[in-house]
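Below is one structure; the comments refer to it alone.
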Amino acid sequence: MKVQLKLCSMLISLWIVTNAFAADESDKKAIQKVSAAFSQLCQANQFSGVALIAIDGKIQFEKACGLASREFHAPNTIQTQFNLGSVSKLFTIVAIGQLIEEEKLSLNTVAATVLPTWLPMSGGNDISIEQLLTHRSGLGNFMDDKRWQLGADSGLFNDTDKYEPLIQAETLRFKSGASQAYSNSAYVVLGKIIETVSGKSYSHYIAQNIFSKANMAHTGLHPLDEVVENRATGYYYSCKKNPCLWKNNNYEVAFMGNSAGGAYSTAGDLFKFSQALYRRKLLNQSLTLQILSSTVLPLNKGTKIKKIKIGDSTVLEALSPYGFAGVWNALGVAVWDSPKLVGHTGGGLGASALLMMSPDNHYTIVLLSNIDAGTLRLYQRIRESFNFKQAVYNY
């Protein structure tokens, strides 16, 4: 009997080792496919930037291609800093989590109790922190305001307080909590809440409480006139006049980012951010698990998953009667399925970014590009290489 048990134990151990080896070999083959796809897209001018893939906390692939400056033919490198767009919202989410951990806020805190003059008079006084995080506040997009469009690229909105009249003037698209629609304005409000509760500017707070703790030495909110070593210029392909040509986005991007997006970082620093989360350097265990949770909040009534076209790709998105709704966990982090991944995407003219993390740290995927839509093409090739399910939400 003892011999049989010993033999059984040996067989189980052999099965575990064999399957672990098989998984490693499978991942190695997938990385080889990713490398080939990366080269192909770079050569076709369909990707310009940096890609990083880590497995079980170890970087397995990190490459750069394309030009950080087309004017000076300066190449992108793995040290290049890129505009993160809305990937920066993850820093805002972590900052709110830290203030919740310190019991200075809760998800149920009504925003108007912290910012009594900021929100729209009609319906704004009922909006909670949770609704702001998960795009269920009814607020819209400050970028639609003509005042922002005329002043964003000239430095008129470097101070968070400058956004107050824009937020006040909004008309809620729906009663808070009744539906969902992606909202950049909501994240500006969250940024002001962080400033009010902490007594520090948003940029100072995240530098001290996130970037420093995670050893992210090449990340920050930088105005366009600041000299930032290794910062990429963003480019977009314009066909408004013949012939089509590349243009830089200097007059299309905000002079300085905010709590809704626009920080600059490297792929390596975003990897450090993910590992700081896993190692509980930024939040306690309970809040870390909430940040990394792949449990999706139920979609509001009227929100449906539909196929949409983004460039030459077809993806599934959650759409409400008010536009893009997204699929989020309880703290507003994006969730993808098959395999479960959490994180955020970001983009605009001349910028495209993506950070995805397995809740158990198996996969970390960072894609940063200084051309718009660059990360989507590479991301889909990565999914094919790893045999991930192709029908996914949140792009």
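The opening residue of the sequence shown carries number 40 in this note's numbering; numbering runs sequentially from there. Every residue gets a Cβ at the ideal spot worked out from N, C-alpha and C, and that includes glycine. Note that this is a predicted model, so its numbers are computed, not measured.
If you measure between the beta carbons of residue i and residue j, is that distance less than 7 Å?
i    : j    : result
H174 : Y221 : yes
K311 : K252 : no
I166 : S215 : yes
T334 : N368 : yes
K428 : S377 : yes
A150 : T403 : no
I245 : A69  : no
V354 : V366 : no
F121 : L370 : no
M395 : G382 : yes
A107 : A271 : yes
I168 : T152 : no
N409 : S87  : yes
L154 : K239 : no
Q85  : R416 : yes
A390 : G273 : yes
G300 : L260 : no
Under three-state DSSP, which class holds residue i?
i    : result
E423 : helix
K348 : strand
Q170 : helix
T414 : helix
N122 : strand
Q99  : strand
Y275 : strand
N297 : strand
E356 : strand
F130 : helix
A217 : coil
K428 : coil
F60  : Confidence at F60 is low in this model, with a pLDDT of 42, below 50, so the placement of that residue should be treated as unreliable; the coordinate-derived value is given next. Residue state, collapsed to three classes: helix.
A76  : helix
W83  : Per the sequence shown, the amino acid found at residue 83 is Ala instead of Trp. Three-state result, A83: coil.
A113 : strand
F363 : strand
K343 : strand
A302 : coil
A373 : strand
F196 : coil
K68  : helix
Thinking residue i and residue j are a contact (beta carbons under 8 Å), I'd like their distance in whole angstroms, please.
i    : j    : result
N218 : G385 : Note that residue 218 is Ser in the sequence shown, not Asn. At roughly 23 Å, the Cβ-Cβ gap does not stay under 8 Å, so S218 and G385 are not in contact.
G387 : G124 : 6 Å
V372 : I330 : 6 Å
F77  : K102 : 6 Å
Q99  : N269 : Not confirmed; about 23 Å, so no contact.
N248 : Y317 : Incorrect: roughly 17 Å between the Cβ atoms, too far for contact.
S176 : A225 : 5 Å
Y361 : F213 : 6 Å
At what residues does the alpha helix (DSSP H) containing residue i begin and finish?
i    : result
Q207 : 203 to 207
A315 : 306 to 317
W187 : 185 to 190
L328 : 324 to 330
Could you spell out the range, first to last residue, of the beta strand (DSSP E) harbouring residue i?
i    : result
A90  : 88 to 94
S108 : 106 to 108
N287 : 284 to 287
### Message
Report the start-end ranges of each alpha helix (DSSP H) in the stretch 376 to 416 that is 4 residues or longer and not cut off at the edges.
### Response
none
### Message
To test your reading of the DSSP string, which unbroken beta strand (DSSP E) runs of 3 or more residues are found completely within the stretch 224 to 279?
### Response
274 to 277
### Message
Runs of 4 residues minimum, wholly inside the stretch 134 to 165: which ones carry the alpha helix (DSSP H) assignment?
### Response
150 to 153
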